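Student:
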Amino acid sequence: MSTNQARPPLPPFTHDSAVLKVRLAEDGWNSRNPEKVALAYTPDSQWRNRAEFVTGREQIAAFLDRKWKKELDYRLIKELWAHDGNRIAVRYAYEWHDDSGNWFRTYGNENWEFDENGLMQRRYACLNDMPIKESERKFFWPLGRRPDDHPGLSDLGL
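Just so we're aligned: the sequence shown equals residues 735 to 892 in my numbering.
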């Protein structure tokens, strides 16, 4: 994978630049491309995701590859919660199903810390899976980037 390249917007974040950073992260994750997504993190980025600890782009890409092989038809919405300097707090939800056709909505919060190049150097995620019926799904768009006119979390009452 490539070395550090600037990933605007850069800290310190304003409200607008934090909202943009969150949307760019959402777009990346909705691509479900582990190698591409891993480039948004520093080469030595540290993660805590549930009870799993991941360090560095190679481990991040491997983690995401496993994740998206398990979480099928993954669609994610992120929303800015707070920001200060080089840190952003996010809440999110995503919908997916397993290989048996069981649907879930996963709710979570993330705390992000960025380096001066706008690469995420720390990511701490807490999340919970809630089984849902397929008829309870709220995220409907073709796989990939969420369309600009699709409601966000607050608009959906989530």
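Just so it is clear, CB atoms sit at the ideal spot from N, CA and C, and this is done for glycine as well.
All of these numbers come straight from a predicted model, not from anything done at the bench.
Looking at C-beta atoms only, is the number of pairs between the segment 826–834 and the segment 795–814 that lie closer than 8 Å three or more?
Tutor: Yes: the two stretches touch, three or more of their Cβ pairs being nearer than 8 Å.
Student: May I ask you to report which of helix, strand or coil DSSP gives A816?
Tutor: Note: A816 maps to strand in three-state DSSP.
Student: Whether or not the segment 769–780 and the segment 838–858 are in contact is what I'm after, with contact meaning three or more pairs of Cβ atoms, one per stretch, closer than 8 Å; do they touch?
Tutor: The segment 838–858, when compared against the segment 769–780, does touch it at the 8 Å Cβ threshold.
Student: If you draw a straight line from the C-alpha of T748 to the C-alpha of K872, how long is it?
Tutor: About 30 Å.
Student: Can you tell which of K755, Y841, W802 has the C-alpha that lies nearest to the C-alpha of E769?
Tutor: The residue with the shortest Cα to Cα distance from E769 is W802.
Student: Excluding five sequence neighbours on each side, which residues of the same chain lie with their C-beta closer than 8 Å to the C-beta of N764?
Tutor: These residues qualify, in order along the chain: Y808, R809, L810, L877, G878, R879, R880.
Student: Evaluate W781 with the Cβ neighbour count: other Cβ atoms within 10 Å of its Cβ, from every protein chain shown; 16 or more gives buried, anything less gives exposed.
Tutor: Classification of W781: buried, given that the 10 Å Cβ count is 16 or more.
Student: What residue does the beta strand (DSSP E) around H831 start on, and which one ends it?
Tutor: First-last of the beta strand (DSSP E) with H831: 821–831.
Student: Thinking C-alpha only, which one of P742, A859, Q793 is nearest N783?
Tutor: Of P742, A859, Q793, the residue nearest in Cα terms is A859.
Student: Would you mind stating whether Y841 and N820 have Cβ atoms separated by less than 9 Å?
Tutor: Cβ atoms of Y841 and N820: not closer than 9 Å.
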